[in-house]
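**Student:** Take a look at the following structure, please.
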Amino acid sequence: MEKNLNEVLNGLERLPQVITPKDASLILAYTGISPDAKIVDAGSGSGFLAIFLAWYCPKGKVITYEKRMEFTKIVERNISKTGLKNIEVKNKDVLEGIEEKDIDLITLDMKDCEQAIPEAYKKLNADGWLAVYSPHIEQVERIVEEMRKNKFKNIEIVENIVREWQSEFGYTRPKSQGLMHTGWLTFGRK
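Each residue of the sequence shown is one higher than the one before, starting from 233 at the first, in my numbering.
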């Protein structure tokens, strides 16, 4: 039996915090990117978001930027375990510039990511999307301010809370523990 994406992700190395499938799936849903999308992912971490996006955009290309070499090596190892061929890893700080242009989606998950927003706007295609993951609401405020300054439209802030349930011996109730708040996603369109 072929593994599904959750099984693949569960077998990967995790050092930096990851964007979970519950949040990554919202990026697909809100942006509606196509299977042949050109995507730039900045702040690779362990590579989970890049892998998620490449999995669901098999005819597209994901270019993921990570400035820390130790994380870049983790990303490369994780990608090699998936067999995905549509991901390119760059050991580079995205704040030094995005090399690609006419991008369908740019994702940012890094400290001071609001500094990358002007460059992201320039590199997106005419209908391109920006999706920013933020663990802290104060960062969201800075992101929205910068997105407005750079003329992004359709700005939305989303928190995705998933509550799992259990059913045992005729009793059904919410699980006592789970993955509730992970962060905020801020979306904007060029």
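Here a beta-carbon is modelled for each residue, glycine too, at the ideal position from N, C-alpha and C.
What's the C-alpha gap between residue 422 and residue 252?
**Tutor:** Roughly 25 Å between the two C-alpha positions.
**Student:** Quick check on this structure: which residue in 276, 263, 321 has the alpha carbon closest to the alpha carbon of residue 390?
**Tutor:** When only C-alpha atoms are compared, the closest one is 263.
**Student:** Cutting at 8 Å between CB atoms, please list the residues of its own chain near residue 376, excluding the five before and the five after it.
**Tutor:** Result list for residue 376: 387, 389, 418, in chain order.
**Student:** Looking at residue 292 and residue 255, is the spacing between their C-beta atoms short of 7 Å?
**Tutor:** It is not a contact, given that the beta carbons lie outside the stated cut-off.
**Student:** Which one of 277, 402, 364 has the shortest CA to CA distance from residue 420?
**Tutor:** The shortest Cα separation from residue 420 among 277, 402, 364 belongs to 364.
**Student:** In three-state DSSP terms, what is residue 249?
**Tutor:** Coil, per DSSP.
**Student:** Express the C-alpha separation of residue 285 and residue 260 in angstroms, rounding to a whole number.
**Tutor:** Near 8 Å, if we compare the C-alpha coordinates of residue 285 and residue 260.
**Student:** Which residues bound the alpha helix (DSSP H) around residue 406?
**Tutor:** No alpha helix (DSSP H) contains residue 406, which is instead part of the beta strand (DSSP E) from 403–406.
**Student:** Can you tell me which of the three DSSP states residue 398 falls into?
**Tutor:** In this structure, residue 398 counts as strand in the three-state DSSP scheme.
**Student:** Go through the stretch 274–298 residue by residue and report every complete run of the beta strand (DSSP E) that reaches 3 residues or more, in order.
**Tutor:** The stretch 274–298 contains these whole beta strand (DSSP E) runs: 293–297.
**Student:** What does residue 421 pair with, by DSSP beta-bridge criteria?
**Tutor:** Per DSSP, 361, 385.
**Student:** In this structure, how does DSSP classify residue 334 when only helix, strand and coil are distinguished?
**Tutor:** Looking at residue 334 - three-state DSSP - the assignment turns out to be coil, as it is neither helix nor strand.
**Student:** Using only the alpha-carbon positions, how far apart do residue 307 and residue 278 sit?
**Tutor:** If I take the Cα positions, the gap works out to 5 Å.
**Student:** If you draw a straight line from the alpha carbon of residue 266 to that of residue 396, how long is it in whole angstroms?
**Tutor:** Their backbone Cα atoms lie some 29 Å apart in a straight line.
**Student:** Since residue 296 contacts residue 322 with CB under 8 Å, what's their CB separation in whole angstroms?
**Tutor:** Contact flag correct, Cβ pair sits at about 7 Å.
**Student:** Identify whether residue 393 lies in helix, strand or coil by the three-state DSSP scheme.
**Tutor:** Three-state DSSP puts residue 393 in coil, outside helix and strand.
**Student:** CA-CA distance, residue 394 and residue 354?
**Tutor:** Taking the straight line joining both Cα atoms gives about 34 Å.
**Student:** Which class does residue 320 belong to by DSSP, given the choice of helix, strand or coil?
**Tutor:** Strand at residue 320.
**Student:** Mapping DSSP to helix, strand and coil, what is residue 270?
**Tutor:** Strand.
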